[in-house]
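Engineer: Sending over a structure as structure tokens; questions will come in a sec.
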Amino acid sequence: MPASPRSARETKRRIQQMEAKRDLRREQEKRRKRDNLVAAGAGTAAVVLAVVLQLTAFAGNPTEDEYAAAQAGLTEPSASATPSAAATNGPNIPAADTAAGKTFTGQLLLNGSPLGVEVDGTKAPQAAAVFKSLSDEGYFNGKTCHRLTTADQFGVLQCGSPNGDGQGDPNYTWGPLENTPADNMYPAGTIAVARTGNNAYGNGTQFFIVYKDTAIPADSAGGYTVVGKVTSGLDVVANIAAAGITPGASDTDGAPKQPVTIDSFSLK
14 MPASPRSARE TKRRIQQMEA KRDLRREQEK RRKRDNLVAA GAGTAAVVLA
64 VVLQLTAFAG NPTEDEYAAA QAGLTEPSAS ATPSAAATNG PNIPAADTAA
114 GKTFTGQLLL NGSPLGVEVD GTKAPQAAAV FKSLSDEGYF NGKTCHRLTT
164 ADQFGVLQCG SPNGDGQGDP NYTWGPLENT PADNMYPAGT IAVARTGNNA
214 YGNGTQFFIV YKDTAIPADS AGGYTVVGKV TSGLDVVANI AAAGITPGAS
264 DTDGAPKQPV TIDSFSLK
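Per this note's numbering, the very first residue in the sequence shown carries number 14; after that it's consecutive.
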């Protein structure tokens, strides 16, 4: 039976997403070989690809079987979410009910330039509780934004790594996923939580700011928690992106050429 126009469009969209992910995977592998990165907390050699983006966003990549299935117009093989061994949060993670139903507003200061921000405790109570707690503790003050992407449909600035190298704190991980886009689209101004690939309880202290409409395919765990939005000053991030990234294996994904420091992150 011929595929319907809607089905054909959906298949084409999946293929385009998978092609983008395969290209990103190749770039990640090049970067891994160049920088000899080792991610903290990697469990086995089977996750060599995932360690490149340990506790960072966009780690999922399609298998060749999934790609071939999409090309054939078949249903993409289902993938069940694989949470961490203990899909619960530890005592060092603030409870979701401390933010549930609340909206927090404040300011994120990058290189001395302010961004107005809003954090949504109704749609993402656990994430809001975490980021309110971290901001109150002054955790973000002095942290850097280590990653910038500048592709046509993939524009984010990623920040909050404990050591500024993209790795996370294995003792500070949490879940579940909340408020993830059903269409995998993250509009300009979105603030979302970075996490370990394929792990719904792999959120940490890192977040990314979307400075232009961006498509990020979900992995086996799902999408990325949208915790809030930029309400003013998004041009600050756009200007950082305009300066470009440092030369490396990828022309569109790397460290910002203009170093970026979080001076402060306040919420009330």
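Ideal Cβ positions, reconstructed from N, Cα and C, are used throughout, including at glycine.
1. Beta-carbon within less than 7 Å of Tyr152's beta-carbon, same chain only, minus the 5 sequence neighbours each way: which residues are those?
2. Helix or strand or just coil, what does DSSP make of Asn216?
3. Assuming contact is defined by CB atoms lying nearer than 9 Å, are Ala108 and Gly134 in contact in what I supplied?
4. Suppose the cutoff is 8 Å on Cβ atoms and the five residues either side in sequence are ignored; what does the same chain contact list for Ala85 look like?
5. Would you kindly report the start and end of the unbroken alpha helix (DSSP H) that includes Val143?
6. Please report the distance separating the alpha-carbon of Val51 from that of Val130.
7. Quick one: grab the DSSP three-state call for Ile275.
8. So, for Gly177: in the same chain, excluding its five sequence neighbours on each side, which residues have a beta-carbon less than 8 Å away from its beta-carbon?
9. Can you tell which of Asp248, Gly241, Ser263 and Ser245 has the C-alpha that lies nearest to the C-alpha of Ala141?
10. DSSP on Gln166, reduced to helix/strand/coil?
11. What does Tyr199 pair with, by DSSP beta-bridge criteria?
12. Can you give me the C-alpha to C-alpha distance between Thr259 and Asn252, rounded to a whole angstrom?
Structural biologist: Considering the structure as presented:
1. Correct list, in chain order: Thr218.
2. Three-state DSSP puts Asn216 in a strand.
3. Ala108 is not a Cβ neighbour of Gly134, given a cutoff of 9 Å.
4. Residue placement at Ala85 cannot be trusted, given a pLDDT of 44 that sits under 50; what the coordinates show is reported in the next sentence. The answer is none, since no qualifying residue turns up.
5. Looking at the DSSP string, the run of the alpha helix (DSSP H) that includes Val143 is Pro138 to Glu150.
6. In this prediction, Val51 has a pLDDT of 32, which is less than 50 and means its spatial position is unreliable; nothing more can be read from the coordinates.
7. Of the three classes helix, strand and coil, the one that applies to Ile275 here is strand, per DSSP.
8. Lys156, Thr157 and His159
9. Gly241
10. coil
11. Thr227
12. Separation of Thr259 and Asn252 (C-alpha to C-alpha, rounded to the nearest whole angstrom) is 15 Å.
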